[in-house]
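Right, one structure below, let's go through it.
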Amino acid sequence: MDTVIPLPPRPCLTVLGTDALFPVRRIYCVGRNYADHAREMGGDPNREPPFFFGKPQDTVVPGGGAVPYPPVTANLHHEVELVVALGRGGSNIPLADVPACVFGYAVGLDLTRRDLQAKAKDQGQPWETAKGFDQSAPVSPITPATTCGHLASGAIWLSVNGTERQRGDLAGMTWRVPEVVAHISTFVTLAPGDLIFTGTPAGVGALVRGDQVRCGIDGLGELEIVIV
Ligand code: MN
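For what it's worth, this note's numbering labels the leading residue of the sequence shown as 3, then goes sequentially.
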């Protein structure tokens, strides 16, 4: 194909057990999906309908590693999340069909400029600059569902410089993975390559340069980043 500017590279994630890569299409994220985190953010811990925001495709940091402290914030926060990687898509996907759409699962970090998010909330503005900045979405290698099964429970945790900051259980999600995927698919057509960040448990907090962040989910690998 002849293009007037260079064709942008497509970010890809590695997949455990194969040399073949997983090309990323869109990134959707669920807000406040664990009651304890909804409470710490001053929200309603009850079962209000899930809401979504996005991150650009090229915010993915495959496999973690060095992540620069972003500009225009003094309050960069970590949010460890279960990431769903879709192998099939569709619109209005029935709940029972969701597992067949899931290629696999990964551990992700929804890095957040908390100060800009708070300001955006106050002013009724979009979260784009709070959530969708460069390298704001580190993601571990994907574990195929054929290996790990479909995850509905298990520990999810994060530590900074060896001190545990977040610990929850996937069973604590307000909206489970099938409900999240089915609900998003009523708004947009999902497709192979889409990643869905499913929300974070309580314990979010600030990061500074030099911090070593380790996080993991039972049944999946771990993800490590260092803020530089
Ligand atoms: Mn999040």
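Quick reminder that beta carbons are idealized off the backbone N, C-alpha and C, glycines included.
Less than 8 Å between the CB atoms is what I'm expecting for residue i and residue j, so what's the real figure, rounded?
i	j	result
Phe-105	Pro-146	6 Å
Leu-111	Val-82	6 Å
Val-32	Gly-170	Their Cβ separation, rounded to whole angstroms, is 14 Å, which puts Val-32 and Gly-170 out of contact at 8 Å.
Ile-29	Ala-139	6 Å
Counting only beta-carbon atoms, is residue i nearer than 8 Å to chain B?
i	result
Asn-94	Considering every chain present, this structure includes no chain B. It has just one protein chain.
Could you tell me if residue i is buried or exposed, where buried requires 16 or more neighbouring beta carbons within 10 angstroms of its beta carbon?
i	result
His-39	buried
Pro-64	buried
Thr-191	exposed
Arg-115	buried
Gln-125	exposed
For residue i, does the three-state DSSP call read helix, strand or coil?
i	result
Gln-127	coil
Arg-41	helix
Asp-60	helix
Arg-116	helix
Val-227	Looking at the sequence shown, residue 227 is not Val but Ile. Here Ile-227 sits in strand by DSSP.
Val-26	coil
Leu-9	coil
His-152	coil
Glu-81	coil
Between the alpha carbons of residue i and residue j, how many angstroms are there, rounded?
i	j	result
Val-6	Asp-60	20 Å
Pro-52	Cys-103	20 Å
Pro-232	Pro-10	Nothing can be reported for residue 232, as the shown portion of the chain is limited to 3 through 230.
Glu-166	Leu-197	26 Å
Gln-90	Phe-55	Checking the sequence shown, residue 90 turns out to be Arg, not Gln. Using only the alpha carbons, I get a separation of about 21 Å.
Out of the options, which one is the CA nearest neighbour of residue i?
i	options	result
Gln-119	Tyr-107, Gln-125, Gly-126, Ala-132	Ala-132
Phe-199	Glu-50, Gly-44, Val-62, Asn-77	Val-62
Gly-151	Pro-101, Ala-157, Leu-113, Tyr-36	Pro-101
Asn-35	Gly-91, Ala-173, Asp-213, Pro-128	Ala-173
Val-215	Leu-222, Gly-92, Gly-207	Gly-207
Val-246	Leu-222, Trp-129, Leu-209	The displayed coordinates of the chain run from 3 to 230. Any statement about residue 246 would go beyond what the structure contains.
Ala-154	Pro-58, Val-86, Asp-46, Leu-15	Val-86
Tyr-107	Gly-66, Thr-149, Ala-98	Thr-149
Tyr-71	Arg-211, Leu-222, Cys-217	Arg-211
Arg-49	Asp-220, Glu-181, Ala-122	Glu-181
Thr-188	Leu-222, Gly-92, Leu-113	Gly-92
Leu-160	Ala-98, Asp-117, Asp-220, Gln-137	Asp-220
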